[in-house]
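Laid out in structure tokens, this is it:
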């Protein structure tokens with residue numbers, strides 16, 4: 001778009017001011033990181049407490065044990081975003097083009113693999129890099145492949161509406177968090193010994209929800225069958 | 228211990244580039260992309276500024292990525308609706324011009 | 333009885349109950365309104381229980397997961413948090429009852445509104461009790477995204493634009509805040525607010541992260557000159573949503589700003605004067621724009637821009653008697669929540685009655701909807717700072733603080749602002765008493781809607797009377 005601009009136009013002034021502001025921001029941040037002494041961080045505290053929590057992978061321990069409350073709220077963010085996107089209106093229709101045979105062939109190869117990878121990532125999260133978000137993302141990618149190729153998964157599950165899958169993660173998290181409060185324990189304080197099991201339960205439910213939510217966000221609106 | 232690692236420097240750079248585009252670009256998808264770039268910059272500073280691998284920033288980044296993805300999804304759905312409802316994927320005051328003048332490039 | 337009150341984890345329930353309510357309302361769309369309303373009452377009840385716990389037992393800390401800072405996340409409820417929770421409970425209950433009736437005709441909107449509204453409420457309750465800076469980031473995001481979705485619920489072009497602009501500004505604000513969090517973690521090795529307050533020394537190592545966080549929060553509050561997103565978003569949303577946005581959501585970001593300010597106690601004159609000056613500009617700009625508006629909802633939205641400016645005048649005044657200045661600002665914030673909520677609800681009733689919201693075309697509203705007009709007028713009294721309302725108490729405290737230190741320019745700003753506020757309120761009232769030249773359709777407005785607006789406005793006035801009991805809650809919170 002070609003337009004005539006004279007030098008007094010707000011465009012140039014705005015760009016100049018913005019450039020100055022950004023230069024200051026960049027210099028300030030860089031100077032601070034350069035000169036100020038950095039604190040040691042919480043890595044040692046996490047490692048020390050990891051033995052107590054029973055989870056070998058420190059990131060999973062932080063995500064679901066020490067700072068599990070953050071993860072709970074974050075799943076709430078995802079859920080509420082899906083509700084918001086569904087509230088915007090019905091899903092927009094994709095271009096009705098027949099899917100390329102390459103995509104279909106790739107589906108047949110990738111999707112069964114992806115299911116296995118998802119299960120593995122979920123399971124290995126306790127000891128190595130992995131966990132609910134990683135597994136859920138892989139499953140969501142599977143869902144996206146399905147959507148793009150116009151297929152429907154035949155899972156043999158009861159015909160539950162999508163919203164059960166959306167709600168499952170946050171609901172399980174909340175139920176477990178409240179249920180452990182029995183013997184004078186705090187919210188989300190796992191009883192000693194059952195930490196791994198409870199975390200696995202939460203992560204499994206979260207994986208399903210994350211997959212459904214991410215795929216649902218990809219659809220961009222309310223699917224046909226949902227009221 | 229020096230916090231200004233290559234990662235942190237790159238992160239600051241991304242932050243600045245993203246903010247430049249966020250303000251000056253009119254097309255809404257470009258604005259959303261700019262926010263994503265800024266987010267990546269912040270995460271890079273978070274994880275990359277220290278020397279030893281620290282699980283807490285890594286967990287924070289996982290949380291941050293999920294939140295950013297959700298926000299991006301909502302933003303893109305809104306852009307779609309705006310485009311359908313009003314014909315152009317821009318906000319009203321940006322319609323007349325893209326502040327990044329095309330003929331300067 | 334007191335045991336049961338003191339022992340139960342109300343702090344947690346205030347967050348968990350609205351989340352559960354939101355999920356249930358989403359799961360059962362045909363019963364969304366009933367579930368939503370019950371969830372709202374339960375959330376309000378839990379929040380008020382926290383208030384009672386703090387009043388009788390003092391500030392409370394809750395270690396989520398049993399770990400405690402710095403490894404885990406702490407919740408913290410003191411007088412300020414309890415006041416904010418109670419404010420949310422009162423306004424939230426009124427808005428919920430109003431919305432139940434207001435949305436009764438649009439089942440589509442009903443099933444979308446309740447889950448999103450309860451998510452917003454959960455985010456607010458979580459925000460007011462959080463004591464961990466990263467946890468606060470997540471609550472800010474939950475709050476912002478749910479609020480944006482609520483704005484977009486209206487469905488019209490202007491509403492979508494308003495929602496988009498709000499989303500972009502909100503995300504930018506969150507990112508700026510997150511930059512501050514990142515820097516604080518790397519500099520001090522903890523995310524807990526109390527620990528950070530102890531470890532942070534000052535100088536540029538505090539100023540830069542705190543500056544980033546404050547910049548982000550100013551965007552989210554909508555302080556001049558970052559207010560551009562506010563009138564379109566608040567003006568184009570449905571009436572109950574506007575009440576929530578102006579009354580509660582912006583107060584969440586303001587509360588966080590205060591909490592950071594009290595924790596880190598930044599020194600120096602420059603920043604408080606800058607904030608106060610921006611507040612003064614907001615008062616003038618917002619009030620003048622409100623006077624120029626032709627549509628009622630936009631007038632009320634610009635009024636929010638102006639009223640938010642008052643809150644910042646406490647910053648330069650806090651030198652001599654901090655409790656007086658901050659107490660005034662906080663009380664002003666709480667009164668504004670009730671008054672602005674009432675004003676938006678009343679405006680919604682008036683709009684429903686006449687089918688339009690042109691101020692010049694208000695056709696003898698005083699005859700047809702006396703309750704709503706009374707609500708509007710009472711709310712206006714609190715906003716203008718006339719006695720005996722809560723707004724008067726807040727303004728009076730700020731004026732006292734200004735006069736005691738001889739800083740009369742700030743006092744002048746407040747007095748002029750009060751006059752301008754009264755002007756635009758009376759402008760609306762004036763048109764409401766007269767006949768309009770054109771004929772308009774006339775709809776029936778359910779009485780519940782009018783009564784909730786009126787009761788909320790009466791609450792704003794009542795705050796003026798309960799001030800002697802309410803203000804001591806803030807002892808120990810303020811520096």
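Residue numbers (the numbering used here), protein chains in the order written: chain A, 1 to 227; chain B, 228 to 332; chain C, 333 to 811.
All C-beta atoms in this analysis are idealised placements derived from N, C-alpha and C, irrespective of residue type, glycine included.
(1) Quick one: which chain A residues come within Cβ less than 8 Å of residue 308 of chain B?
(2) Given 8 Å as the limit, is there contact between the stretch 655–667 of chain C and the stretch 714–723 of chain C, that is, 3 or more CB pairs closer than that?
(3) List the residues of chain B that residue 78 of chain A touches, going by C-beta distances under 7 Å, in chain order.
(4) Who pairs with residue 393 of chain C in a beta bridge, going by DSSP?
(5) Starting from residue 248 of chain B, find everything on chain A with Cβ-Cβ shorter than 8 Å and list it in chain order.
(6) Within its chain, find whatever has a CB closer than 7 Å to the CB of residue 349 of chain C; leave out the 5 residues flanking it on each side and keep chain order.
(7) Anyone know if the C-beta pair for residue 382 of chain C and residue 342 of chain C falls short of 9 Å?
(8) For residue 166 of chain A and residue 263 of chain B, what's the separation of their Cα atoms in angstroms?
(9) Report the CB separation of residue 806 of chain C from residue 584 of chain C in whole angstroms; it is logged as a contact under 8 Å.
(10) By DSSP's criteria, residue 627 of chain C is part of a beta bridge. Which residues make up the other side?
(11) Give me, in chain order, the residues of the same chain whose beta-carbon lies closer than 7 Å to that of residue 7 of chain A; leave out the 5 immediate sequence neighbours on both sides.
(12) Please compile the residues from chain C whose C-beta is within a distance smaller than 7 Å of the C-beta of residue 74 of chain A.
(13) Rounded to a whole number of angstroms, what is the C-alpha to C-alpha distance between residue 64 of chain A and residue 363 of chain C?
(14) Using a Cβ-Cβ cutoff of 8 Å, what residues of the stretch 711–726 of chain C are near chain A? List them in chain order.
(15) What's the C-alpha gap between residue 17 of chain A and residue 481 of chain C?
(16) If you measure from the beta carbon of residue 488 of chain C to each beta carbon in chain B, is any gap under 9 Å?
(17) State the start and end residues of the unbroken alpha helix (DSSP H) segment that holds residue 443 of chain C.
(18) Does the distance from the C-beta atom of residue 812 of chain C to that of residue 610 of chain C stay below 9 Å?
(19) To test your reading of the DSSP string, which unbroken alpha helix (DSSP H) runs of 4 or more residues are found completely within the stretch 649–690 of chain C?
(20) How is residue 557 of chain C classed by DSSP in three states: helix, strand or coil?
(21) With burial defined as no fewer than 16 other Cβ atoms inside 10 Å of the residue's Cβ, what is the status of residue 116 of chain A: buried or exposed?
(22) Just checking, does the stretch 726–739 of chain C make contact with the stretch 638–656 of chain C on the three C-beta pairs under 8 Å criterion?
(23) Got a sec? Which residues, its chain only, sit under 8 Å from residue 746 of chain C by beta carbon, not counting five neighbours each side?
(24) Listing by chain order, which chain C residues have their CB less than 9 Å from the CB of residue 163 of chain A?
(25) Report the neighbours of residue 256 of chain B on chain A: residues whose CB is nearer than 7 Å to its CB, in chain order.
(26) Listed in chain order, which residues of the stretch 451–466 of chain C have Cβ atoms closer than 9 Å to some Cβ of chain B?
(27) Three-state secondary structure (DSSP) at residue 90 of chain A?
(28) Nearest CA to the CA of residue 274 of chain B: which residue from B/267, B/285, B/266?
(29) Per DSSP, what kind of secondary structure is residue 335 of chain C in: helix, strand or coil?
(30) By the three-class DSSP mapping on this structure, what secondary structure does residue 700 of chain C have?
(31) For residue 52 of chain A, report the span of its alpha helix (DSSP H) as first-last.
(32) Specify whether the stretch 484–499 of chain C and the stretch 462–472 of chain C touch according to this definition: at least 3 beta carbon pairs, one from each stretch, less than 8 Å apart.
(33) Who are the near neighbours of residue 229 of chain A in its chain, counting only those whose CB is closer than 8 Å to its CB and skipping five residues on each side?
(34) With DSSP collapsed to three states, give me the class of residue 464 of chain C.
(35) Starting from the beta carbon of residue 245 of chain B, find every residue of chain A whose beta carbon is closer than 8 Å, and list them in chain order.
(36) Assign residue 497 of chain C to one of three DSSP states: helix, strand, or coil.
Checking against the coordinates, here is how it stands:
(1) In chain order: 88, 89.
(2) Touching, yes, given that three or more Cβ pairs across the two stretches are closer than 8 Å.
(3) 293, 297, listed in chain order.
(4) According to DSSP, which records beta bridges pairwise, residue 393 of chain C is partnered with C/408.
(5) Against residue 248 of chain B, chain A offers no close residue; the least beta-carbon distance is about 11 Å (beta-carbon pairs closer than 8 Å).
(6) Around residue 349 of chain C, the same chain offers 371, 374, 375, 378 as residues with beta carbons nearer than 7 Å, after the five sequence neighbours per side are excluded.
(7) Yes, they are a contact pair.
(8) Rounded to whole angstroms, the separation of the alpha carbons of residue 263 of chain B and residue 166 of chain A is 25 Å.
(9) Taking a contact as a CB-CB distance under 8 Å, the pair residue 806 of chain C and residue 584 of chain C does not count as one, their CB atoms being some 18 Å apart.
(10) BP columns for residue 627 of chain C point to C/690.
(11) Reliability fails at residue 7 of chain A, whose pLDDT of 41 lies under 50, so the model's placement of it is uncertain and no value is given.
(12) Under the 7 Å cutoff, chain C gives 470.
(13) Their backbone Cα atoms lie some 33 Å apart in a straight line.
(14) Here the close residues number zero.
(15) Going from the Cα of residue 17 of chain A to the Cα of residue 481 of chain C covers about 33 Å.
(16) True, the Cβ-Cβ gap to chain B drops below 9 Å.
(17) Here the alpha helix (DSSP H) through residue 443 of chain C covers 439–461.
(18) Residue 812 of chain C lies beyond the residue range present for chain C, which begins at 333 and ends at 811; the question has no answer from this structure.
(19) Restricted to the stretch 649–690 of chain C, the alpha helix (DSSP H) segments that are unbroken, complete and at least 4 residues in length are 654–686, listed in chain order.
(20) In the displayed model, residue 557 of chain C falls within coil according to three-state DSSP, outside both helix and strand.
(21) Exposed is the call here.
(22) Three or more beta-carbon pairs drawn from the stretch 726–739 of chain C and the stretch 638–656 of chain C are found closer than 8 Å, and the two stretches are therefore classed as touching.
(23) Correct list, in chain order: 615, 642, 645, 717, 727, 730, 731, 734.
(24) Within chain C, the residues near residue 163 of chain A are 358, 359, 361.
(25) Against chain A, a Cβ distance below 7 Å from residue 256 of chain B picks out nothing, because the smallest value is about 13 Å.
(26) For the stretch 451–466 of chain C, which is checked against every Cβ of chain B, the residues closer than 9 Å are 466.
(27) Strand.
(28) When each option's Cα is compared against that of residue 274 of chain B, the closest is B/285.
(29) Residue 335 of chain C: helix per DSSP, three-state reduction.
(30) In the structure shown, the three-state DSSP call for residue 700 of chain C is helix.
(31) Here the alpha helix (DSSP H) through residue 52 of chain A covers 43–53.
(32) As far as the Cβ criterion goes, the stretch 484–499 of chain C does not touch the stretch 462–472 of chain C, which means the pair count is below three.
(33) The shown model of chain A, from 1 to 227, leaves out residue 229 of chain A, and the question about it has no answer.
(34) Strand, per DSSP.
(35) Within chain A, no residue comes near residue 245 of chain B; the closest Cβ sits about 10 Å away, beyond 8 Å.
(36) Judged by DSSP in its simplified three-state form, residue 497 of chain C adopts helix.
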